[in-house]
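Note sheet for the following structure.
Dropping the structure here:
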């Protein structure tokens with residue numbers, strides 16, 4: 018699941034290109050993000066990763 022603000026222009030995974038994406042490094046959400054990016058034709062380097070601590074990722 019990818020959450021964005023209700024009024025965000027991001028509507029698809031492809032829309033994440035060039036944007037910050039926050040997640041916990043090495044987590045299941047990290048792996049799901051990598052898969053979603055690949056399916057959307059993006060690379061990890063197409064986003065600006067922001068790593069969360071486990072407490073902040075909850």
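Numbering (our numbering), first residue to last: 18 to 75. Even for Gly, the Cβ is constructed at its ideal location relative to N, Cα and C.
Residue nearest to residue i in terms of C-alpha spacing, selected from the options
i	options	result
residue 36	51, 65, 69	65
residue 71	55, 54, 46	46
Cβ distance (whole Å) where residue i is taken to contact residue j below 8 Å
i	j	result
residue 38	residue 57	12 Å between Cβ atoms; not a contact.
residue 61	residue 51	6 Å
residue 34	residue 63	5 Å
Bounding residues of the alpha helix (DSSP H) (the contiguous stretch that carries residue i)
i	result
residue 39	Per DSSP, residue 39 belongs to no alpha helix (DSSP H); it is in the beta strand (DSSP E), 37-40.
residue 48	45-56
Simplified DSSP state of residue i, which is helix, strand or coil
i	result
residue 67	strand
residue 33	helix
residue 72	helix
Cβ-heavy atom distance, residue i to the ligand GTP, below 7 Å
i	result
residue 22	Here there are no bound small molecules, and the ligand GTP is not part of this structure.
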